[in-house]
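Enquirer:
Number of protein chains: 2
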Amino acid sequence: MDNAMEFQNVTALAEANIYFEGNVISHTILLPDGSRKTLGVILPGQYYFGTEAPELMEIVGGHCEVVIDDSNSTDSYDAGTSFKVPGDSGFTITVSDSPCHYVCSFL
Amino acid sequence: MDNAMEFQNVTALAEANIYFEGNVISHTILLPDGSRKTLGVILPGQYYFGTEAPELMEIVGGHCEVVIDDSNSTDSYDAGTSFKVPGDSGFTITVSDSPCHYVCSFL
């Protein structure tokens, strides 16, 4: 995984997903196998996301700190690393400096 | 053109394009014919964009007011409408209420 990550042969939805008044923005892509991912950006701040399905968060740019529900550890992630969040759970993500770019996969 | 606009069989680049400290964010898609588009969001504010190649801006959500360089008219655009900007020119775009979603094509 690196900054040049790309997804081929997908369907891209034109309208963005906007959270926290624009501090987190993503675009949805649909893959040939029917799965869905979102390509997103997190601006500096702290945000809580709940999950329905389990999620894989791949960081493709920037840095973030993450606390997953029911965990008492804060973990750091840079571009090229990823973390999983169980379904029916959630995570608090903190971005401090430059924006954090991610790919979210719904497992 | 409407909010459900989508682009099939494209390559989507994972890392976003960020302008004006995150007030304008887009993701790039590459089409089978080799052309490039960006799917973007403009948060409330006023922004100036210069152009190199001519651009087609299709509004797929929200509303904006636009003044193209060397023009003395301000034109309004809602979802489903579009405007062209010559190359080596530019435009001032103002978004007032809800975020404005666009598709930018490089002609």
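Heads up: the protein sequence lines correspond to chains A and B, in order. Take 20 as the starting number for the first sequence in this note's numbering and just add one per residue. Take 20 as the starting number for the second sequence in this note's numbering and just add one per residue. For glycine and all other residues, C-beta sits at the position ideal for the given N, C-alpha and C.
Quick check: ALA98 of chain B and ILE78 of chain B, are their CB atoms within less than 8 Å of each other?
Expert: For the purposes of this step, residue 98 of chain B is taken as the residue at position 79 of the second sequence. For the purposes of this step, residue 78 of chain B is taken as the residue at position 59 of the second sequence. Yes, the pair counts as a contact, with Cβ atoms nearer than the cut-off.
Enquirer: Going by other Cβ atoms of all chains shown within 10 Å of its Cβ, with 16 needed for buried, is LYS56 of chain B buried or exposed?
Expert: Working through the second sequence from its first residue, we reach residue 56 of chain B at position 37. By the 10 Å Cβ count, LYS56 of chain B comes out buried.
Enquirer: Give a yes or no on whether 8 Å exceeds the smallest Cβ distance from GLN65 of chain A to chain B.
Expert: On the first sequence, residue 65 of chain A is found 46 positions in, with the first residue counted as 1. No, GLN65 of chain A lies away from the interface with chain B (no Cβ there is under 8 Å from its Cβ).
Enquirer: Determine whether the Cβ of ASP104 of chain A lies closer than 8 Å to any Cβ atom of chain B.
Expert: Here the question's residue 104 of chain A lines up with position 85 in the first sequence. The sequence shown places Val at residue 104 of chain A, not Asp. Chain B, which has no Cβ nearer than 8 Å to the Cβ of VAL104 of chain A, makes this no.
Enquirer: Would you say THR70 of chain B and GLY109 of chain B are within 8 Å of each other, going by their C-beta atoms?
Expert: Locating residue 70 of chain B in the second sequence gives position 51, where the first residue counts as 1. Locating residue 109 of chain B in the second sequence gives position 90, where the first residue counts as 1. Cβ atoms of THR70 of chain B and GLY109 of chain B: closer than 8 Å.
Enquirer: Which bits of chain B does GLY53 of chain A rub up against, with CB to CB less than 8 Å?
Expert: Locating residue 53 of chain A in the first sequence gives position 34, where the first residue counts as 1. Within 8 Å Cβ-Cβ: nothing; GLY53 of chain A doesn't reach chain B, min ~14 Å.
Enquirer: Spell out whether any CB of chain A is found under 8 Å from the CB atom of THR113 of chain B.
Expert: Your numbering for residue 113 of chain B matches position 94 in the second sequence. Not one chain A Cβ lies under 8 Å of THR113 of chain B.
Enquirer: State yes or no: is the beta carbon of HIS157 of chain A nearer than 8 Å to at least one beta carbon in chain B?
Expert: Since the first residue of chain A shown is 20 and the last is 126, residue 157 of chain A is not available in this structure.
Enquirer: What separation, rounded to the nearest whole angstrom, lies between the Cα atoms of MET20 of chain B and TYR66 of chain B?
Expert: Locating residue 20 of chain B in the second sequence gives position 1, counting from the first residue. Locating residue 66 of chain B in the second sequence gives position 47, counting from the first residue. Only weak support exists for where MET20 of chain B lies, its pLDDT of 45 falling under 50; the coordinates are left without a value.
Enquirer: Count the other C-beta atoms from every protein chain shown that fall within 10 angstroms of the C-beta of GLY80 of chain B, then say buried if there are 16 or more, exposed otherwise.
Expert: Along the second sequence, read from residue 1 onward, the residue named residue 80 of chain B stands at position 61. Label assigned to GLY80 of chain B: buried.
Enquirer: Report the rounded CA-to-CA distance for GLN27 of chain A versus VAL122 of chain A, giving the unit in angstroms.
Expert: Translated into the one-based positions of the first sequence, residue 27 of chain A becomes position 8. Translated into the one-based positions of the first sequence, residue 122 of chain A becomes position 103. Near 14 Å, if we compare the C-alpha coordinates of VAL122 of chain A and GLN27 of chain A.
Enquirer: In the structure shown, what three-state DSSP assignment does GLU84 of chain A receive?
Expert: For the purposes of this step, residue 84 of chain A is taken as residue 65 along the first sequence, with counting starting at 1. Residue state, collapsed to three classes: strand.
Enquirer: Mind checking if VAL60 of chain A is an interface residue toward chain B, Cβ cutoff 8 Å exclusive?
Expert: The residue labelled residue 60 of chain A in the question sits at position 41 within the first sequence. Yes, its Cβ sits closer than 8 Å to a Cβ of chain B.
Enquirer: Can you tell me the Cα-Cα spacing of GLY64 of chain B and SER117 of chain B, whole angstroms?
Expert: As a first step, residue 64 of chain B must be located in the second sequence, where it is residue number 45. As a first step, residue 117 of chain B must be located in the second sequence, where it is residue number 98. Approximately 10 Å, taken between the alpha carbons.
Enquirer: Is it right to say ALA23 of chain A is buried, meaning 16 or more other beta carbons lie within 10 angstroms of its own, or is it exposed?
Expert: What you label residue 23 of chain A is simply residue 4 of the first sequence in a count that begins at 1. Exposed.
Enquirer: From THR47 of chain A to ASP107 of chain A, what does the alpha carbon distance come to, in whole angstroms?
Expert: Position 28 of the first sequence, counted from the start, is the residue given in the question as residue 47 of chain A. Position 88 of the first sequence, counted from the start, is the residue given in the question as residue 107 of chain A. Computed Cα separation, rounded: 21 Å.
Enquirer: Does the beta-carbon distance from VAL43 of chain B to ALA35 of chain A come in below 8 Å?
Expert: As a position in the second sequence, residue 43 of chain B is number 24, starting the count at 1. As a position in the first sequence, residue 35 of chain A is number 16, starting the count at 1. No, the pair does not count as a contact, with Cβ atoms beyond the cut-off.
Enquirer: Give a yes or no on whether the minimum CB-CB distance between VAL85 of chain B and chain A is below 8 Å.
Expert: One-based indexing of the second sequence puts residue 85 of chain B at position 66. Not closer than 8 Å to any Cβ of chain A, the Cβ of VAL85 of chain B fails to qualify, so no.
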